[in-house]
Structures are given as structure tokens and as C-alpha cells.
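Its first residue numbered 45, the sequence shown is counted upward by one per residue in my numbering. Even for Gly, the Cβ is constructed at its ideal location relative to N, Cα and C. Comments concern the structure below.
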Amino acid sequence: MNSLVQQAELAHRQGDLETAQQLYRQQLSADAQHVDALYGLGTLLMQTEQFDAAESFFSKALALEPDAADIGYNYAICMRNKGDSLAATKLATHAADCAGQDEGFSLNVCSLLLSLNEPQLALSQLARFPHNSQASYLIRAEAFGLLGAWDQAVALLRQLQQADKNSSQVAQALAIAAGRLRDYNLAISAYSQYLQLITPGITEYVKFADLFLLARKIDQCEIYLGYAKDAGAETAEFHLLQAKLARLKGEYSRAVSSAEAAVAQNSSNAEAWSVLLEIAQIDELPSLVKRIEESLESGDWAVYETQLISYVLADAHTRLENNETAFTHYSRANAAQNSHMKALNNRYDSAASDLACESTLQQFPCYVRPNFESSGHATPLFIVGMPRSGTTLVERMLAQLPNVKAGGENEALGFLVSQYQKDVAAGRVASPDRMTHQDWQILAARYFDTTPLFKERKGGAASEQFITDKMPHNFQHVGMILSLFPDAKVIQMRRDPRDVCWSIFTRMFSESHNYACDFESLAHAYANARRLMDHWVALAPERVMDVNYESLVADPRETGQQITSFCGLPWNDDCLNFHKTVSSSFTFSELQVRETISDKRIGRWQPFEAYLSPLFDALKRAGCID
45 MNSLVQQAEL AHRQGDLETA QQLYRQQLSA DAQHVDALYG LGTLLMQTEQ
95 FDAAESFFSK ALALEPDAAD IGYNYAICMR NKGDSLAATK LATHAADCAG
145 QDEGFSLNVC SLLLSLNEPQ LALSQLARFP HNSQASYLIR AEAFGLLGAW
195 DQAVALLRQL QQADKNSSQV AQALAIAAGR LRDYNLAISA YSQYLQLITP
245 GITEYVKFAD LFLLARKIDQ CEIYLGYAKD AGAETAEFHL LQAKLARLKG
295 EYSRAVSSAE AAVAQNSSNA EAWSVLLEIA QIDELPSLVK RIEESLESGD
345 WAVYETQLIS YVLADAHTRL ENNETAFTHY SRANAAQNSH MKALNNRYDS
395 AASDLACEST LQQFPCYVRP NFESSGHATP LFIVGMPRSG TTLVERMLAQ
445 LPNVKAGGEN EALGFLVSQY QKDVAAGRVA SPDRMTHQDW QILAARYFDT
495 TPLFKERKGG AASEQFITDK MPHNFQHVGM ILSLFPDAKV IQMRRDPRDV
545 CWSIFTRMFS ESHNYACDFE SLAHAYANAR RLMDHWVALA PERVMDVNYE
595 SLVADPRETG QQITSFCGLP WNDDCLNFHK TVSSSFTFSE LQVRETISDK
645 RIGRWQPFEA YLSPLFDALK RAGCID
């Protein structure tokens, strides 16, 4: 006859949790230190989301058998679900150590570490094993993604895809990683393969259409939305994508009807509400705001959606000139975002920022003047500056010229520099002052090879084709730009720090912008950005140009002609009519660049002046304003 624990385990496996729990407790009444019963009951209680009770039993079991990897692993899952990431991480790494050379178990631990946002720890665990299994590759790729190293994730997944062309999981992961790298051609190719390996449905068609929208391939986006519709799509995701497409095309009536359909399906769809509020006329805003607030009170909103809608509501109250209410919403949204950053161990570190700034200045007291021949690619034009400083406006103006293509915010250079710095630290490559011309050429080729627009135009006359790269934070890498690309020009956007910082504060930026959530960090980040940009323009005035946003707005023709002349481009009055064309940019400025140039965005901080003393004080301490 089976023991009580054996009977309990059988009932547990069969899903009879009530019987299993009774049997576990019966065994513990007879022997309070029965490890299997403690562990089994802890697991059962965790499954039923009784995490506090489960923790107690796991703790007792692990104390009795501290080297039991399975106990430590499930205990870690319990603590993660309880919200104690620190305890979960310690338990997970301990479980992996106890498992020794059990690769399968360690891969499970690595997946758990990734769910705890500990990619570096996961990579450390993986380093103990050969990297030849599909699961290992996928976990490593996910870890690189969490670290922001999407280029490395893509490289791994492409290797894996070559080894196994029939894996839908690999194809899907590659599509996601390539999309995050903004290599939309590769992402589309990978997702197309994924669709061939599965039986696609509404969800897959909508996601593929969304990918085409991101790539600004409007016709293909509409085709796959049509497939989704034919399959009976009436989901919130389908209607939201229709709304975003219509907004991009300037079809605002259609955008509104689609967004309304999305919120009818899901009243906590913050993006759909955002579309409605952005397009709404001023007299329509009060009723929209009331509807959103009613939904917030009665609905079940996810954390991300709640954060996003706070920014959206704040924008609506700003338009209504309810400035105090708007400021309250902005402050609440940023406080939540700050808490999110803290949970990710990603709070802004001013000392680290200073160190990085100083290191960059020391690395590039001058720049290498490469003498290697043209790469055969189009010539890059870099537009840099703090976010919200006017980079999108300049790109849209230049993109009206027939020989200029807008490349948008390209993350390739940031990834390239990050990996290069790691390689220098590890002694794998030379520092900038010791790089040969061939070294620079190889590094430049990596940038071109990971940037779709440059790959598409390879072989054209570089003097006749230009592609913009308007990733704002590339102001950190201008020294590298000057050395990597002998023909490249850099346009640095400057704007009133009060407008820049306030505008950033009013937008929900990604985790990479960890300075964006509080005034002190914003002021510090702005000061370091200015310090770097001052250095670059002094270092290479023939290749780096400062453009003042306020001057550009005041006299766009004169300032625009100065920009085109600096870039070696002919002026065309079409540069002033950018608002008439569909934007290739997908940024917070997307709707703004559909408007003609005006000064209405100058002094945006002024209506909130009564609430901004902490920002002004921080900017003064940072030396940014008098």
C-alpha cells in the first residue's frame, strides 16, 4: 500500500488538489519534518496562489535539505510570484549551483532569471555549458534582448535559423528581435517564414500587419489587415491597428471610428484612447476625459495601460488649460514610471553618467581622419540631440529632397558602440587611439550591414544618396561617427532646456530613458548632453553643426538653407512642405510634423511655471540656465 505522501502526490498529479492537500497535512501531522510532504504542500499552495502559506512550507523543506535544487527552484518561483525579486534571484542561483551539470535544469533556472530581469546572471549560468542546443540559443538571445543588445540577439537567432529552418519558435523569436533592432526587412522575412510553419489565424495576421506598419509598408499592412478581417477579426488589437494606420495616412474620421471600436472591445486600451484624444477637437475633450475616468474607476487596467493613460489624460487637460490637473497626472505617471525603473534596477545614476561622459571626452580628444575609400553605401547624415529638441523636424525637412531618405531612429550605432566598448574592456580589440584604418572600416561595415536602408542602397553613388539617422542619443557617439564615416555630417539640435526637459517629462519613454522621470535626473542628463555637444562642435566644426530649434522655427527657410549647405545638399522649397507627406518617423513627434512650422511649441513650459520650481532649481544647479 502506498504511503500517505505517495497517495498525495498521485492525487496532486491527477488534479485532485483537495485530496492531495488533506493527505500532505495528514503526513505532516505524523511527521512535521517530512521533506517531501513539506515540498508537495508548498507546491500545491503556490499553485492555488496562497504564496505566504507556500513560502512557509518551502522554507522549512529547504532548511532540512539545503542542497535540494528542485525545492530551491520552486521556492524561487513562489517568491517571484509574491513580488520579492531579490529573494527569488538568490534562491534561483542557489538552485542552479545545487543542480551542478544538469543542463536542462539550469536552462529552466535561466528562464526564471530572465523573468526576474536578471539577464546577466542567466548568461553567467549558461556559460557553464556548451551553447549548442536550441533552448540555450533562445535563452541567450532573450537575455541579450533584455540587455538591449538586440544586434547580438539577432546574430544568435540567425545562426540558429540556419541550423534549423523549420522551427517556428526560432522564426518567431528572430522576427521579434529584428523588429526591436528596427531591421524590419529581416523581421518581415522571419515572420513570413513563421507563418509558413504554422496555421496562421487572426492574431498572426494582425501582428504581421503591425510589423508592416512599423516598416511603413502601407500596402502590405492593409493586405494583412484584410486577411485578418476575412478571418473574422473583431478584436481590440485589430481595430487599434486600423486606427493607427488611418492616423498615419491622415484619415482621421476612419481613425476615430476604428479607435472607438477598439475601446468598445476593451475599455482599458490606453493606445486607442490616445488616438481618440489626439484627434479630438477641443469641445470633444471633456466628454472623452469623463469616459476614460469612468473606465478607470470601473475597469481592470493593467499597470502599463494605467501609466500610459495618465500621460494621455494629462495631455488632454493641458489642451483644456486645466494646468493643475494636468500637472498632477504628469507627476503621477512619472512617479509610477520611476517605481517601474526601480523594480528593474534601472534608476538613473548621475555618477555613472558623469563617468561615461568623462570617458568619452578622454577617448576622443581628437578623431581619426580615415583615408579609406568610400564603402559604396549611401552617405549617413546624423541628427542628434536630446529627445524633443527638434530632430524629427530636421529629418522631415531634409527627407523632402530627392536624394535624401529618412532613416528614422536607428539603434544600430548604439548597439555597435556598446559591443565595441565591451570588446575593448575585454582586450579583444584596440582602443580608439590604436585602431587602424582597416579596424575602422570593419567596424563601419557592421553599422551598414545592420541598417536595412543602407543595405538596400549599397552600390549607389555615395555622393548622390544620403540616409538620415536621427537617433537623438547618438550625441554620445559623435567621436565614433567622425572616425567611422569619413563623409558623414552631424547636425546637433539645441533647444531651451526648460522646453526640452518639460516636454520629456510629459511623455512615456522606454526604460532606456531612465533619466526622464524626475526633474533632477533630467537636468543632469541635459547638462551632460550639452557638455558632449559643445566638445564635438569645437572638435570638428567642419563636420558638426549646431542648429537652434528656436531659430529654425523663427526662420525655417534661412536656417534650413544653412543646414542643406552644410550637408552639401541643394536647397528646395519642398523642405518647407514636409507636413503634406506621410511621415516615415514613428516617434512622439509624428502628429506634430503633419503641421506647418510654427512657434506654438516654444515656451511650452510657461503655463506650468507655477509648478516647475524644482525643475528650474535643478537646471540652475546643473549650470543649464541662469
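Check: Are the C-beta of Gly434 and some C-beta of chain B separated by less than 8 angstroms?; Outcome: Absent here is chain B; the protein component of the structure consists of one chain.
Check: How long is the line joining the alpha carbons of Asp467 and Ser475, rounded to whole angstroms?; Outcome: 9 angstroms
Check: Would you report the Cα separation of Leu656 and Thr369, rounded to the nearest angstrom?; Outcome: 14 angstroms
Check: Here's the rule: buried if 16 or more other CB atoms are within 10 angstroms of the residue's CB, otherwise exposed. What is Asn152?; Outcome: buried
Check: Taking the straight line between their C-alpha atoms, what separation do you get for Ser302 and Ile323?; Outcome: 12 angstroms
Check: With a threshold of 8 angstroms on Cβ separation, who are the neighbours of Phe101 within its own chain once the five nearest residues in sequence on each side are excluded?; Outcome: Leu82, Tyr83, Leu85, Gly86, Leu89
Check: Expressed to the nearest angstrom, what Euclidean distance is found between the alpha-carbon atoms of Ala52 and Ser462?; Outcome: 53 angstroms
Check: Using alpha carbons as the reference points, say which of Ala217, Phe652, Thr350, Thr603 lies closest to Ala231.; Outcome: Ala217
Check: Whole-angstrom Cβ separation of Leu170 and Ile183, contact assumed at under 8 angstroms?; Outcome: 7 angstroms
Check: In its own chain, which residues sit with a C-beta less than 7 angstroms from the C-beta of Pro600, not counting the 5 before and 5 after it?; Outcome: Leu620, Ile641
Check: Report the option in Gln606, Ala74, Gln286, Asp359 whose CA atom is closest to the CA atom of Phe652.; Outcome: Asp359
Check: Since Leu149 contacts Asn125 with CB under 8 angstroms, what's their CB separation in whole angstroms?; Outcome: The sequence as given places Phe at residue 149; Leu does not occur at that position. With 8 angstroms as the limit, Phe149 and Asn125 do not qualify as a contact, their Cβ atoms being about 20 angstroms apart.
Check: Consult DSSP for Thr550 and reduce its assignment to one of helix, strand or coil.; Outcome: coil
Check: Which ranges does the beta strand (DSSP E) cover as unbroken runs of at least 3 residues, wholly within the region 562-613, from first to last along the chain?; Outcome: 588-592
Check: Curious, which full-length alpha helix (DSSP H) runs of at least 4 residues does the region 95-152 contain?; Outcome: 95-108, 113-126, 129-143
Check: Can you list, in chain order, the residues of its chain whose CB lies under 6 angstroms from that of Ser394, leaving out five sequence neighbours each side?; Outcome: His568
Check: Which word fits Val637, buried or exposed, when buried means at least 16 other C-beta atoms lie within 10 angstroms of its C-beta?; Outcome: A caution first: Val637 carries a pLDDT of 47, below 50, which makes its placement in the model too unreliable to give a value.
Check: Quick one, which of Asn313, Leu158, Gln605, Arg391 has its alpha-carbon nearest Arg335's?; Outcome: Asn313
Check: Residues bridged to Asp513 by DSSP?; Outcome: Phe426
Check: Going by DSSP in three states, Gln51 sits in which element: helix, strand or coil?; Outcome: helix
Check: Between the C-alpha atoms of Arg478 and Ala377, what's the straight-line distance to the nearest angstrom?; Outcome: 46 angstroms
Check: Could you spell out where the alpha helix (DSSP H) holding Gln325 opens and where it closes?; Outcome: That residue, Gln325, is in no alpha helix (DSSP H); it is neither H nor E in DSSP.
Check: With C-beta atoms as the reference, is Leu566 less than 8 angstroms away from Ala560?; Outcome: yes
Check: Using a threshold of 8 angstroms, state whether the C-beta atoms of Pro424 and Ala532 are closer than that.; Outcome: yes
Check: For Val448, which residues in the same chain have their Cβ closer than 6 angstroms to its Cβ, ignoring the five residues on either side in sequence?; Outcome: Leu442, Phe510
Check: With a threshold of 8 angstroms on Cβ separation, who are the neighbours of Leu332 within its own chain once the five nearest residues in sequence on each side are excluded?; Outcome: Trp317, Leu320, Leu321, Ala324, Ala360
Check: Using the beta-carbon count (16 or more within 10 Å), is Ala396 buried or exposed?; Outcome: exposed
Check: Do Leu108 and Gln71 have their C-beta atoms within less than 8 angstroms of each other?; Outcome: no
Check: For Arg575, I'd like the list of residues in its chain whose CB is within less than 7 angstroms of its CB, leaving aside the five on either flank, ordered along the chain.; Outcome: Cys401
Check: Can you give me the C-alpha to C-alpha distance between Tyr392 and Gly223, rounded to a whole angstrom?; Outcome: 26 angstroms
Check: Count the other CB atoms within 10 Å of the CB of Asn390; is the residue buried (16 or more) or exposed (fewer)?; Outcome: exposed
Check: What is the residue span of the beta strand (DSSP E) that Gln264 lies within?; Outcome: Note, Gln264: premise wrong, no beta strand (DSSP E); alpha helix (DSSP H) at 262-274.
Check: Taking Gln206 as the reference, which of Trp194, Gln237, Ile220 has the closest Cα?; Outcome: Gln237
Check: Give me the Cα-Cα distance between Glu453 and Glu278, rounded to the nearest whole angstrom.; Outcome: 32 angstroms
Check: What ranges does the alpha helix (DSSP H) occupy inside the region 349-410, keeping only unbroken runs of at least 4 residues that lie completely in it?; Outcome: 367-387, 394-407
Check: Quick one: residues in its chain with C-beta nearer than 8 angstroms to the C-beta of Arg648, no 5 flanking neighbours on either side, listed in chain order?; Outcome: Asp543, Trp546, Ser547
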